[in-house]
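Protein chains in written order, with the numbering used here: chain F, 87 to 544; chain Y, 77 to 387; chain R, 64 to 494.
Notes follow once the structure below has been shown.
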Amino acid sequence: MAKDTYTEFANTPLGKRLTKSLGLPQPAKLRRYSPQAPLIPGTVVVLGDSAASEAIAQQLLSWDVDVRRHVGAKEKIAAVVAVFDTVATPGDLSQVTLELGGLLKQLGSSSRVITVYRDPAGTEDPAARAARKGVEGLTRSLAHEMRAGGTANGIILEENLDAAAPGVAGALRFLLSGRSAFVSGQFITVSSVNGSLPADWSRPLEGQVAVVTGAARGIGASIARILHRDGAQVIPVDIPAAGEQLAQVTNEVSGTALQLDITAADAGQRILDHAEQHYGRLDIVVHNAGITRDKLLANMDPARWESVIAVNIESQLRMNKIFLASEFFSRSEPTGPDGGSSGPRIVSLASTSGIAGNRGQTNYAASKSGVIGMVSATSAQLQARHGTINAVAPGFIETEMTAKIPFATREVARRLNSLNQGGRPEDVAETIAFLASPAAGGTSGLTLRVCGQNLVGA
Amino acid sequence: MTPAATSFEEPRRIRTPKLSRLYLGAALDAARNTISSSGNLRVLPQAPVLASHPGITLEQVEQYRALFGGEVFDGVHRRSLPSVLVHIAAFPVQMALMSQDDFPLQLMGMVHLSNQVEHHQPIGAEEALQILARAENLRAHRRGTQVDIVVEIFSADVDVTADGGTQPLWSSVSTYLNRGTYLAGKPDRNDEQGPAFVPPTKTASWKLGTDAGRAYAAVSGDYNPIHVSSLGAKALGMPSAIVHGMYSAGRMLEGREPEQAGHRWSIHFEAPVTLPATVAFAAEEVDDHTIRFTGWNPRKVRRHFTGELII
Amino acid sequence: MPAETPVRNAVIIGGNRIPFARAHGKYAKASNQDMLTSALNGLVARYGLQGERIGTVAAGAVLKHSKNFNLSRESVLGTPLDPATPAFDVQMACATGMEAIGSLANKVKLGQIESGIGGGVDSISDAPLVVTDELRAILMEANRARSVGQRLKALAKIRPGHLAPQAPGVNEPRTGLSMGEHMAITAHQWGITRQEQDELALASHKNLAKAYDEGFFDDLVTPFKGLTRDNNMRADSSLEKLGKLSPVFGKDLGDQATMTAANSTPLTDGAATVLLGSEEWADAHDLPKLANFVDYEEGAVDFVDGAEGLLMAPAYAAARMLTRNGLTFEDFEYFEIHEAFASTVLAQMKAWESEEFCREKLGLDAPLGSIDRTKLNVAGSSLAAGHPFAATGGRIVATLAKQLHGKPGKLGFISVCAAGGLGITAIIEGR
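Below you can see the structure in the form of structure tokens.
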């Protein structure tokens, strides 16, 4: 992983003074998830007086969080959940928004602001939709204004969805926790009551079996580790040539390695066979494997173009087809203590390049945009088995791959986001683990960015 | 070979000499260019020599074993000493015989032509022995004069001069050639050309380093300069040091002699093995009792020796 | 043992090896322990054995440092296996891997262990160098010395000539002949031609390359030190290219010499392992059951004075093993005959076809018969993959087990020759 010396320096006492007086970016040390740490280190203020607001406050209380409706002017707070689900006109935004604004200076480091509102597409009333879209705009802008590693994100509720749905709790918990350290200015739509909450929040994937492609190194290896930490049994997959590192990662996560070229016609079946042989089930597929073959389009040769398309998107389409045709890739039996059901999960790696485009990456961007399209279209096919499919689009992540970017370019790329730093592979992995969890059952077809609110392609 | 002869003169008892002193004497003789003078030049000494031997030490046995890489002499499974080690014990007595003033041939530059051994009874380590040696059969060779040295080895506790004789434990005939000395006239030259040598299928390959002669010398005490240094060898007309003939015999027999003895074997030397060398070796079973050995230079296809073991 | 004593199946679950590397190349800096540990790590990763207590691990190396006196155990301790996993070292020259696996299979069959890992490793590149006997004697004397003076006196005996290290010989100790020289004699005696040797070598390369291309080795090989395939493999070889090589063994046969560097195995570094278990253990751990290890037979021949060829022991072992199991070559689906040299395979096959040999030497009424060449070494063998001595058994067992997987009841035959006139044959049965 590339070493972010600047961030380390800026977090020393001298560095803090220097960077501040020079007006340099001040990247904060982000609060990251640890199963031992509290969900959120401090008070959470819940704003808004709707039923949804009450449901959310109750949910937070059930997690032993210090929940308040009001706090004193000097009191430090860790997060604000601003519930806007009943706004009917843009004028309705002001009360909660201004209340929120008044609290911002009391937020500590790596704080959280979470806005909750109804899906703008859920209403045909122009004023209501305008109000709802307004929440989106204010959330994005607030994300830019957050300081000291704080983030602002939104949870979008389907028109008639009960705010007590497991998916809402799951999204709320994800956004409050250190799992979402590098997620900012993003929105998680909860569109169904599917999903279930785990008995043990430190082991949300207990008993589940997950396949991770491209697991030998970088983000893939991190995904394998975090799924394992969250309780899953992991099948790390990578091309045979990467077998040595794959074995190492596999042994670290006590999994079973599968050396496989995912572009092979039978790759999907071999994954199913392996899972059936060793575990008798398959719950989670993470399509992480991907390659880059950068070239300006004017210089692009067929091999560069075709290999990127073949590995990054066609293989996923082919494998998904096999998985979805298999009864084996299914688990609609109730899993949670609340009796909610939770189906299979597919999580694909997209990229901010796929959203914003990137010079020299027509092939890569095509494949990653393809992933975003695939995810939104496949969602419906998984509904019957209560499954979900989502994508994660990482921004600048400190990996072996990005360590090869020339220093100056890397330094610019790193700072070009609201958190003034690059993310870590585990930030991507944490988001994937969330989307793969039973608690995320209400969210499907979504592409969630893990980019620290990168300025590119926002 | 005849059993122990009984009709010769009373043997002259000698102490087993040190080979180094014998070689020194021989070298001095050679330097003075004297032919051993006393006595009739064409007549062999009549009296055999007899020496007592305290027994081959365990240390020597171990040295020998280490040299040939054979099995360990544990006194139970392997007790009977190899014939060549027995030969080593007797060799100084042979040399003493040939160094006597009445011996007609000069010791230095003597070439070992062949050796035949009958190993009648097992001989163990630290078993005291008597070694009887006599010269016989002085005769012509196309390149000089050859002589047989007959050695018989007895237990320390038998009377070797007793009438009726005593069966030796071990006996050998070593044939030596003194090149260029025609004491017994010149033979017919009809045996000059043998059939062309066609090597048999090799069964082993011996890689001998430049120190192979010295290694055998360290075990046998036979520091004949022709074997231990290429300078010494050159002084004696060889291109470089040559390995002892009995080294080849020892190697050829290693692991093949029966523990209960009662076997006989022979070796005939041809082209010397100049060091370093790779010797191709073949052991061929002729019948149930007989193994034929051949050693040769695989590059030049020249035979170094042939041998036979009859059990 | 009474015939009715119940004996369990010993199930071959799978295998893992590292790619084999030509000596002094990719693995030049890897030790035997490094390679065996890596092969074990890959096996553990493939079958999820982390933290598992295996019944026992048996492996070995032919060329072994004295510091590796506990090679298998030390390697186990470097893996995620339960440290309570016992291990022992095996050494049977090139048959080390087969002996390790076969002996573990017997332990499984007897109910002594539920699971076992067998295999082997060898490194030519990291082979132990030995000091000369003279130097060793001096050093030992110095080591025993009680005073500095004594020690210096001992050390003063060291001469420059003592310092040249000695590489371990691959020559037969009792004959001084290399294995290749021995094989050249046997090949000559059986009249094996250059042409048929080159054809066999070519088939080995083609078969291995094809197996790689088909992904056959995807779950048998784990890369090591950047090497992803056996680097001796020459997929583009041809009879013309092979025909151009000069003989390297049996050169004293003159124009009758037939053995080249291409139809002989190169010196190679590598490691291979095989996971065995009882049915119950495999089921309880959700592991695949590729094949059963049915039986194996050790053989040895008196080669010292040339009564039999050095590498012909499997010819004898096969006869005894087939008789014991009431089988003929007709009963086998695949044959894995270790290609120490192309001529080794050909000589064994000729011997089994020879009425005289089978009658006189094997004591059979009729020849064992010929082997269908389309069933022979179908995923390549040592000529192409290379032959890290002790690793070859593991390579063969895992390869054959995978070929037989999904063919219940179909049999596979294994022959591995070894130095010292040794050999092993084995039968495995698909499931």
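For glycine and all other residues, C-beta sits at the position ideal for the given N, C-alpha and C.
DSSP on residue i, reduced to helix/strand/coil?
| i | result |
| --- | --- |
| PHE415(F) | coil |
| ASP324(F) | strand |
| SER393(F) | helix |
| ILE387(Y) | coil |
| GLU361(R) | strand |
| ARG89(Y) | strand |
| THR438(F) | helix |
| HIS230(F) | helix |
| PRO301(Y) | helix |
| PHE149(Y) | coil |
| ASP224(Y) | strand |
| ALA168(R) | helix |
| CYS537(F) | coil |
| ALA429(R) | coil |
For residue i and residue j, what's the separation of their Cα atoms in angstroms?
| i | j | result |
| --- | --- | --- |
| HIS217(Y) | ALA200(R) | 46 Å |
| ARG297(R) | ASP185(R) | 22 Å |
| ASP394(R) | ALA363(R) | 25 Å |
| PRO451(R) | ASN374(F) | 37 Å |
| VAL153(R) | LYS127(R) | 11 Å |
| THR98(F) | LYS115(F) | 11 Å |
| PRO121(F) | GLU516(F) | 12 Å |
| GLU423(R) | LEU284(Y) | 38 Å |
| ARG222(R) | ARG214(R) | 15 Å |
| THR336(F) | LYS89(R) | 24 Å |
| ASP287(Y) | VAL236(Y) | 39 Å |
| GLY425(F) | PRO284(F) | For GLY425(F), the pLDDT reaches just 47, beneath the cut-off of 50, and the residue's location in the model is therefore unreliable, although a value from the coordinates is still provided. Their backbone Cα atoms lie some 11 Å apart in a straight line. |
| SER113(Y) | PRO276(Y) | Reliability of the predicted coordinates at SER113(Y) is poor, the pLDDT of 43 falling under 50, and the value obtained from them is presented with this limitation in mind. When rounded, the distance between both Cα atoms is 46 Å. |
| GLU162(R) | THR336(R) | 12 Å |
With residue i as the anchor, note down where its beta strand (DSSP E) starts and where it stops.
| i | result |
| --- | --- |
| GLU73(Y) | Look at the range of chain Y in this structure, 77 to 387, and you will see that residue 73(Y) is not part of it. |
| TYR292(Y) | Segment 288 to 296 is the alpha helix (DSSP H) holding TYR292(Y); no beta strand (DSSP E) there. |
| PRO310(R) | 310 to 312 |
| MET186(Y) | 186 to 195 |
| ILE370(F) | 370 to 373 |
| SER341(R) | Careful: SER341(R) lies outside any beta strand (DSSP E) and carries neither H nor E. |
Within the continuous alpha helix (DSSP H) that includes residue i, where are the two ends?
| i | result |
| --- | --- |
| ASN104(R) | 95 to 110 |
| PRO168(Y) | 159 to 175 |
| SER195(F) | No alpha helix (DSSP H) holds SER195(F); the beta strand (DSSP E) holding it covers 193 to 204. |
| PRO377(R) | 376 to 388 |
Got a sec? Which residues, its chain only, sit under 6 Å from residue i by beta carbon, not counting five neighbours each side?
| i | result |
| --- | --- |
| GLY473(F) | GLY429, PRO430 |
| PRO348(Y) | ILE318 |
| TYR450(F) | THR378, VAL394, SER439 |
| LEU521(F) | VAL433, ASN476 |
Identify the contact partners of residue i in chain Y, using a Cβ-Cβ distance below 9 Å as the criterion.
| i | result |
| --- | --- |
| GLU244(R) | LYS278, SER281 |
For a contact meaning CB atoms closer than 7 Å, what does residue i contact in chain F?
| i | result |
| --- | --- |
| PRO329(R) | Going along chain F, no residue has its Cβ under 7 Å from PRO329(R), so there is no contact; the nearest lies around 23 Å. |
| ASN355(R) | Result: empty, since nearest Cβ-Cβ is about 18 Å, beyond 7 Å. |
| PRO351(R) | GLN363 |
Near residue i, what residues of its chain come up, given a Cβ to Cβ distance below 7 Å and the 5 sequence neighbours on each side ignored?
| i | result |
| --- | --- |
| VAL461(F) | SER434, ILE475, ASN476, ALA477, GLY531, THR533 |
| THR100(R) | SER138, GLY141, THR142 |
Residues in its own chain within less than 8 Å of residue i by CB, not counting five upstream and five downstream?
| i | result |
| --- | --- |
| THR296(Y) | Residue 296(Y) is actually Ser in this sequence, not Thr. Correct list, in chain order: ILE164, PHE167, HIS320, MET322. |
| LEU179(F) | PHE170, VAL173, ALA217, GLY220, VAL221, LEU224 |
List, in chain order, every chain R residue whose beta-carbon is nearer than 7 Å to that of residue i.
| i | result |
| --- | --- |
| PRO374(Y) | ASP315 |
Mind pulling the chain R residues with CB within less than 8 Å of residue i?
| i | result |
| --- | --- |
| HIS156(F) | Correct list: empty, because the minimum Cβ distance to chain R is about 51 Å. |
| SER340(F) | GLY111, GLN113, GLY114, PRO143 |
| ALA356(Y) | ASP315 |
| GLU361(Y) | ASP368, ALA370 |
Cβ closer than 9 Å: which chain F residues qualify as neighbours of residue i?
| i | result |
| --- | --- |
| ASN295(R) | Ordered by position in chain F, no residue passes the 9 Å Cβ test against ASN295(R), which lies about 18 Å from the chain. |
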